[in-house]
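The structure under discussion appears below in the form of C-alpha cells.
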Amino acid sequence: MTDATRDEVCVVAVAECFRGDGERLCNPIGTIPMIGGRLARESFEPDLVMTDGFAMFAANPVPVGVADPEVVVESWNPYPQMFSVLWNGKRHVMMGASQMDPYGNQNFACIGDWHRPKAQLLGFRGAPGNTINHTTSYFIPNQTPKVFVEHVDVVCGVGYDRAAELGPVSSRFHDIRRVVTNLATFDFATPDHRMRLRSVHPGVTVEDVIQATGFELVIDDFDESRLPTDDELRLIREVLDPNDSRKAEVRG
Amino acid sequence: MIPDKRMTHDEVVAELADGMTIGIGGWASRRKPMSLVRAILGSDLKDLTIVSYGGPDIGLLCAAGKVRKAVYGFVSLDTIPLEPHFRIARQTGAVQAMELDEGMMLLGLQAAAWRLPFLPTRAGLGSDLLRVMPEILTVQSPYPGPDGGPGEELVAMPALELDAALIHMNRADQGGNGQFLGPDLYMDDLMAMAATRTFLSTERVVPTDQLSAEGSFHTLRISRLMVDGVVEAPNGAHFTECPPDYGRDEAFQKEYAATASSAELWEAFRQKYLAGDEADYQRAIGADR
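Here the protein sequences come in this chain order: G and U.
Going letter by letter, the first sequence gives residues 1 to 252 in the numbering used here.
Going letter by letter, the second sequence gives residues 1001 to 1289 in the numbering used here.
This is the structure in C-alpha cells:
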C-alpha cells in the first residue's frame, strides 16, 4: 500500500508526459511540472536536459522551493539561446492554461475581448512559438468548467483544429502530447484530435471529471492514473521537493 | 582614447521627446534600468511607446500616465506573476497594446538591429495573435516547401525600430563598453542596436583596463559602438534584481505592487519615493532598511 497523495499522483502523471523523449530539453513551467520533469530524468528518462529554472542547464536534480540550491551547470542557456533551442525543436515544454478548448487551443493572455480585457493575464508569452515549433504539454492544477471551455477567449497555444487549418507543412512540428490536471490526464489521440480522457486519478470518478469540463470529452477506454513507486515517492519527498511546495499547487 | 560619454539622468531625459518609441532592457523584474525609468517618471514626457520584456518599468510608466502604447511579450514581476499597475492600464483601456510572442519580439528587435524590414518565423501561425493584431502580416517563402510544393507561409515579424533604448549594466567604462556579470544578457544588445540612440546606466563606471578584472571577456557584450550615453547609477536597477551586485528587493516590490489597489496608496508611494531625484529615491529606500 502506498500513502501517495493527489499532488504526488500529479507529479508522476507529469513525469509520464516526458517518457520516450530522450535527449531533449524538458522544460516544464510551474512547481509540480518541474518536480515531474526532474522525476522523469531521475528515474526512467535519464538523458533529458533540464534547466535550473533560469539560464543554466543543470546536470543534478535541483530541488524546488529551496533557496540557492546547488546547481551543477552542464551548459549555459540564456534567453536568446533558449529561443534558438526552441526554434531548433529539441524541446518539450509544459505550460499552464487559464482556458483550454476540446482541440487543445490554450489561453493565458487575458479573459474577455483582447482589445479591452476584463482581466489581463500573462499575455501571449511564448505560447504561439512553442506550440508551432515543438512538443507541448499542459498542466492545469484547478480543472473547472471555466478552464475547460468550448471556446477560449484568445488562442495563445495552437490547438489541433487550428494546426489542421494551417496544413501539413506549416503544422509539421505541432504536437500536443498530453494535458494533466488535478483530476485526470488527457490526450488528443482521436481521429479528429478532440480531447480524450486518458486516465483518472485515484479517488476521482469519471463523473467528477465530466462535471469539471465545459465541453464534451471523448470517453472510451481509460485507465486509473498510476501511483508513484516507492522509489519515486522517496525522490519526490526527499530529493526534489523536500519542503512540500507541491502541496500548495494541488490539494487532496 | 576612449570617448567620455558620461551624462546625468536629467541629460538623458533631455534627449527624449514626447511620442518617442523607447526600448527598455532587462526582463520582467530583472536588471531593469530603473533609475532612468524614474527619471522619465519625474519628467513631463508623455505619449511614449514602450518596448520591453516588461516588468515594473511598464507598470510604473503606465501608472504615471506616460504610456500611449506598450509593446511586450508579457509584463510580470516574476515573484508576482501579473504586474498589477499594467493590468489596470489594460483593463481600463488606458494604453494601446502590441502583445507579442516573446520570440517574435526578439526577431523584431533583431530585424531593426540589422536594418531589415522584417524577419520570418513560424511563431504566431495558427494563434489569435495575427487576428487581434492584423498589422502583423505573413510572407510566403520564395523557396519550395519541404514537400517540394509551394513555399511555406511564415509570419513576417516587423522590425521594432526604437528612437531610444535604455539598458542597465553591472559595469561600464566612460565610452559605453558595457559588462553584464549576471546569468543573462536578455535582449539588451539587440535593444541597443535597434535604437537610434542608446543610453546605458551602470552600477559603476570603471576604467576600460579594469573591465577584464571584473569578469571574463565573454561578459563584454555591449560595445561603445552601440551606446551614446553612460550614466553611473549605483543601485540603479532597484527594486529589480541585478546579480551579482544585489538581488531583487522583494519587500519593496510587494509594497509597490500593493499600491495598485487604490489611487491613494499610489499617490502616497509616489510622494514618498518618486517626488525627488535619484539621490532622493536612494535616500528614501535607505531610510526604510
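Glycine included, every Cβ here is placed at the ideal spot set by N, Cα and C.
Residues sharing a beta bridge with residue 114 (chain G), DSSP:
None; residue 114 (chain G) has no bridge partner.
Candidates U:1221, U:1219, U:1188, U:1174: closest to residue 1026 (chain U) by CA position
Looking from the CA of residue 1026 (chain U), the closest CA among U:1221, U:1219, U:1188, U:1174 belongs to U:1188.
Tell me which residues share the same chain as residue 1196 (chain U) and place their Cβ nearer than 6 Å to its Cβ, disregarding the 5 neighbours each side in the sequence.
Around residue 1196 (chain U): 1163.
According to DSSP, residues forming a beta bridge with residue 27 (chain G)
BP columns for residue 27 (chain G) point to G:93.
Flag residue 134 (chain G) as yes if its beta-carbon sits less than 8 Å from any beta-carbon of chain U, otherwise no.
Chain U contact via Cβ: absent.
Can you give the Cα-Cα distance for residue 213 (chain G) and residue 1128 (chain U), rounded to whole angstroms?
For residue 213 (chain G) and residue 1128 (chain U), the distance between alpha carbons rounds to 23 Å.
In the stretch 102 to 122 of chain G, which residues sit with their C-beta less than 8 Å from some C-beta in chain U, listed in chain order?
So the list reads 109, 110, 114, 115, 116, 117, 118, 119, 120, 121, 122, given in the order they occur along the chain.
Taking C-beta to C-beta, are residue 129 (chain G) and residue 1123 (chain U) nearer than 8 Å?
Residue 129 (chain G) is a Cβ neighbour of residue 1123 (chain U), given a cutoff of 8 Å.
In three-state DSSP terms, what is residue 215 (chain G)?
Looking at residue 215 (chain G) - three-state DSSP - the assignment turns out to be coil, as it is neither helix nor strand.
Excluding sequence positions up to five away, which residues of its chain have a Cβ less than 8 Å from the Cβ of residue 1 (chain G)?
A caution first: residue 1 (chain G) carries a pLDDT of 46, below 50, which makes its placement in the model too unreliable to give a value.
In three-state terms, what does DSSP make of residue 1069 (chain U)?
Reduced to three states, the DSSP call for residue 1069 (chain U) is strand.
Whether residue 180 (chain G) touches residue 10 (chain G) by CB criterion (8 Å):
Between residue 180 (chain G) and residue 10 (chain G), the C-beta gap is smaller than 8 Å, which places the two residues in contact.
Which residues of chain U have a Cβ atom closer than 9 Å to the Cβ of residue 56 (chain G), listed in chain order?
Those are 1183, listed as they occur along chain U.
Candidates U:1119, U:1080, U:1146, U:1023: which alpha carbon is nearest residue 1137 (chain U)'s?
Out of U:1119, U:1080, U:1146, U:1023, the CA that lies nearest to the CA of residue 1137 (chain U) is found in U:1119.
If you check the beta carbons only, do residue 219 (chain G) and residue 204 (chain G) fall under 8 Å apart?
Not a contact, by the Cβ cut-off of 8 Å.
The alpha helix (DSSP H) that contains residue 1120 (chain U), what's its start and end?
Going by DSSP, residue 1120 (chain U) is part of no alpha helix (DSSP H) but of the beta strand (DSSP E) stretching over 1118 to 1121.
Quick check on the DSSP output: the alpha helix (DSSP H) that includes residue 131 (chain G) runs from which residue to which?
First-last of the alpha helix (DSSP H) with residue 131 (chain G): 127 to 133.
Short check: CB of residue 17 (chain G) to CB of residue 137 (chain G), under 8 Å?
Yes, these two residues count as a Cβ contact at 8 Å.
Could you say if the stretch 1142 to 1157 of chain U and the stretch 1085 to 1097 of chain U meet the contact criterion of at least three C-beta pairs nearer than 8 Å?
The stretch 1142 to 1157 of chain U, when compared against the stretch 1085 to 1097 of chain U, does not touch it at the 8 Å Cβ threshold.
Got a sec: is the Cβ-Cβ distance from residue 59 (chain G) to anything in chain U below 8 Å?
Taking Cβ atoms only, chain U never reaches closer than 8 Å to residue 59 (chain G), which makes this a no.
Leaving out five residues before and five after residue 1282 (chain U) in sequence, what residues of the same chain have Cβ atoms less than 7 Å from its Cβ?
The beta carbon of residue 1282 (chain U) sits closer than 7 Å to the beta carbons of 1235 from its chain, once the five residues preceding and following it are set aside; these are given in chain order.
Does the stretch 1014 to 1026 of chain U come into contact with the stretch 90 to 101 of chain G, if we say contact requires no fewer than three beta-carbon pairs (one atom in each stretch) closer than 8 Å?
Output reads no: the stretch 90 to 101 of chain G does not touch the stretch 1014 to 1026 of chain U.
Within 10 Å of its beta-carbon, does residue 118 (chain G) have 16 or more other beta-carbons around it, so buried, or fewer, so exposed?
Residue 118 (chain G) is exposed by the Cβ-count criterion.
Sorted by chain position, which residues of the same chain lie with C-beta nearer than 6 Å to residue 155 (chain G)'s C-beta, five sequence neighbours on each side aside?
So the list reads 105, once near-sequence residues are dropped.
For residue 1151 (chain U), count neighbouring Cβ atoms within 10 angstroms of its own Cβ and tell me buried if that reaches 16, exposed if not.
With fewer than 16 other Cβ atoms within 10 Å, it is exposed.
Minimum Cβ-Cβ distance from residue 1100 (chain U) to chain G less than 8 Å:
Cβ-Cβ to chain G under 8 Å: yes for residue 1100 (chain U).
Is the stretch 1267 to 1283 of chain U close to the stretch 1024 to 1042 of chain U, with three or more CB pairs under 8 Å?
As far as the Cβ criterion goes, the stretch 1267 to 1283 of chain U touches the stretch 1024 to 1042 of chain U, which means the pair count is three or higher.
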